[in-house]
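What follows is a set of notes on a single structure, which appears directly below.
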Amino acid sequence: MVNESEVEALLAPLEPLHTVVEDMSDGCGAKFDIFIVSDRFAGKRVLERHRMVNDALKEVMETIHAVTIKALTNDQWEKEKEKE
4 MVNESEVEAL LAPLEPLHTV VEDMSDGCGA KFDIFIVSDR FAGKRVLERH
54 RMVNDALKEV METIHAVTIK ALTNDQWEKE KEKE
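See the structure below:
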């Protein structure tokens, strides 16, 4: 079983400026929502960003049933916050 803090630790190589990992499976570690902000995503398409996140999680992906990913650059995140 994987928990939220383990997922966050595995995402560290992506140098996130902000990360929110939420276990959506009532604590069993099977489904996660991941919101990550990193300038390492600059110039990358959505699919490439998702692959980067999946690659960072590869050692635990066999134990995870589903992952929902929202991956933004810092500029995109700032613009999104302005809309709120």
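Position 60 of the sequence shown, counting from 1, maps to 63 under this note's numbering, and the rest follow consecutively. Positions of the beta carbon are idealized from the N, C-alpha and C atoms, including for glycine. It should be emphasised that the depicted structure is a prediction, and the values quoted were computed from it without experimental measurement.
Reference residue i; option with closest CA among the options
| i | options | result |
| --- | --- | --- |
| Arg43 | Thr71, Asp78 and Ser28 | Asp78 |
| Gly32 | Val23, Lys73, Ile39 and Val10 | Val10 |
| Arg48 | Ala59, Ala74, Ile37 and Lys34 | Ala74 |
| Ile37 | His53, Val24 and Trp80 | Val24 |
Inter-residue spacing [alpha-carbon to alpha-carbon] between residue i and residue j
| i | j | result |
| --- | --- | --- |
| Ala15 | Glu85 | 26 angstroms |
| Glu62 | Trp80 | 28 angstroms |
Three-state secondary structure assigned by DSSP to residue i
| i | result |
| --- | --- |
| Leu75 | strand |
| Ala69 | strand |
| Asn6 | coil |
Heavy atom of the ligand ATP within 7 angstroms of residue i beta-carbon
| i | result |
| --- | --- |
| Val10 | Among the components of this structure there are no ligands whatsoever, and the ligand ATP is therefore not found. |
According to DSSP, residues forming a beta bridge with residue i
| i | result |
| --- | --- |
| Phe35 | Asp26 and Val70 |
| Val40 | His21 and Leu75 |
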